[in-house]
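Trainee: Read in order, the letters of the sequence shown are residues 739 to 1039 in the numbering used here.
Even glycine gets a Cβ: it sits at the ideal position worked out from N, Cα and C.
It should be emphasised that the depicted structure is a prediction, and the values quoted were computed from it without experimental measurement.
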Amino acid sequence: MMQQERNTTLRKAVVTALGGMVLGAGLTGMPAMASEGGDKGDITLAYVEWSSEVASTNVVRAVLEQQGYNVDISSLSAAAMWQAVAYGDADAMVSAWLPTTHADYYSKLKDRLDNLGANLEGTKLGLVVPEYVDDVSMISDLEEHADEFNDKITGIDPGAGIMSKTEDAIDTYGLSNMSLTSGSGATMTAALDSAIKNEEPIVVTGWTPHWMFSRYDLKYLNDPEGVFGGAEEIDTIARQGLEKEMPGAYCILDNFHWTPDQMGEVMLMNREDGSDPYENARQWVSNHEDVVSQWTEGCNS
739 MMQQERNTTL RKAVVTALGG MVLGAGLTGM PAMASEGGDK GDITLAYVEW SSEVASTNVV
799 RAVLEQQGYN VDISSLSAAA MWQAVAYGDA DAMVSAWLPT THADYYSKLK DRLDNLGANL
859 EGTKLGLVVP EYVDDVSMIS DLEEHADEFN DKITGIDPGA GIMSKTEDAI DTYGLSNMSL
919 TSGSGATMTA ALDSAIKNEE PIVVTGWTPH WMFSRYDLKY LNDPEGVFGG AEEIDTIARQ
979 GLEKEMPGAY CILDNFHWTP DQMGEVMLMN REDGSDPYEN ARQWVSNHED VVSQWTEGCN
1039 S
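The following block contains the structure:
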């Protein structure tokens, strides 16, 4: 598919997602990043603007480019990301949080997709507070201490699965005095940073892997009702037909698998002032040839 056509169809995916699913405040658009170029074809990767997915998508992009593909990446809301891959407007994503966070999207679209399995295991999501908040250990404790938290849970973008799970938690645990505020991953971590500097109580929507657990002393609130589910994984999802059209790229995507510690290295690199996630990914790929060789093994088609 020509790049101009791909850009047009990607915009169609956004329109489809807006029409087919409730996205709250809408998309978090970001222009596709220019790539180095390659002669094996064009690949578009869709992702959500979360620190974990910025890290993984740029690393996969760097590897694919290293192998001769021309790669664009497009930041979308979660709903639009799933729609883009399902309808062939993007080729793949490495940002599918399953079986809980993106369960609704997957259940609606799985018949149109190839699930290549986990690229990272051992993820988790839930409500998070600083360790110094010692009088709250359960989600249900928030009701009694709501005023200490200014009656709010600080969330991220409204289209994220963790936001709907948090709304479920508010209902399940009877948090009548607490409300969920939306924003972005960046505004959530900025609020967290400010609260911790002043040693103030704050509760945020959190997930692992995330760089904030390396920077701050945090704890998940116990969730005995299992609203947020158990351990999750991040899966790689490809559009149907990609394996036949670009078997080499499909093979790399299928082989891609790393650990939370490896992802954490890239996320911390991305936190440095003035750093470029794409350049950081290229540097990480250059420094981990042994890992990358496992992802590219047998993918010369």
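With DSSP run on the structure shown, which of helix, strand or coil describes Ser-812?
Mentor: strand
Trainee: List the endpoints of the continuous beta strand (DSSP E) containing Pro-837.
Mentor: For Pro-837, there is no enclosing beta strand (DSSP E), as DSSP gives it neither H nor E.
Trainee: Please classify Arg-1009: does DSSP put it in a helix, a strand, or coil?
Mentor: coil
Trainee: DSSP state of Thr-997, grouped into three classes?
Mentor: Looking at Thr-997 - three-state DSSP - the assignment turns out to be coil, as it is neither helix nor strand.
Trainee: Quick one: what's Lys-862 bridged to in DSSP?
Mentor: Thr-946
Trainee: Quick one: what's got a C-beta closer than 6 Å to Leu-851's C-beta in the same chain, skipping five residues either side?
Mentor: Excluding sequence neighbours, Leu-851 sits near Ala-824, Ile-975.
Trainee: How is Ile-877 classed by DSSP in three states: helix, strand or coil?
Mentor: coil
Trainee: Alpha carbons only, please: which of Asn-853, Glu-882, Met-876 is nearest the one belonging to Gly-964?
Mentor: Met-876
Trainee: If we ignore side chains and look at the alpha-carbon of each, how far apart do Glu-803 and Leu-991 end up?
Mentor: 13 Å
Trainee: Along the chain, where does the alpha helix (DSSP H) that runs through Lys-957 open and close?
Mentor: Counting along the chain, Lys-957 falls outside any alpha helix (DSSP H), though it belongs to the beta strand (DSSP E) covering 956-958.
Trainee: What distance in whole Å lies between the Cβ atoms of Pro-1015 and Leu-858, which are believed to be in contact at a cut-off of 8 Å?
Mentor: 17 Å between Cβ atoms; not a contact.
Trainee: Based on the DSSP secondary-structure assignment, which residues constitute the bridge partners of Pro-868?
Mentor: Note: Pro-868 sits in a beta bridge opposite Leu-956.
Trainee: Decide if Glu-937 is buried, meaning its Cβ has at least 16 other Cβ atoms within 10 Å, or exposed.
Mentor: exposed
Trainee: Quick check on the DSSP output: the alpha helix (DSSP H) that includes Glu-981 runs from which residue to which?
Mentor: Element bounds for Glu-981: 980-983.
Trainee: What are the partner residues of Ile-975, as DSSP defines its beta bridges?
Mentor: Met-831, Asn-853
Trainee: With Gly-899 and Asp-973 assumed to form a contact (beta carbons below 8 Å), what rounded beta-carbon distance in angstroms separates them?
Mentor: Contact between Gly-899 and Asp-973 is ruled out by a C-beta separation of about 13 Å, above the 8 Å threshold.
Trainee: Since Thr-946 contacts Thr-861 with CB under 8 Å, what's their CB separation in whole angstroms?
Mentor: 6 Å
Trainee: Please report the straight-line C-alpha distance between Gly-1036 and Met-984, rounded to a whole angstrom.
Mentor: 14 Å
Trainee: Short check: CB of Gly-1051 to CB of Ser-789, under 9 Å?
Mentor: The chain is shown only over 739 to 1039; residue 1051 falls outside these bounds and no answer can be derived.
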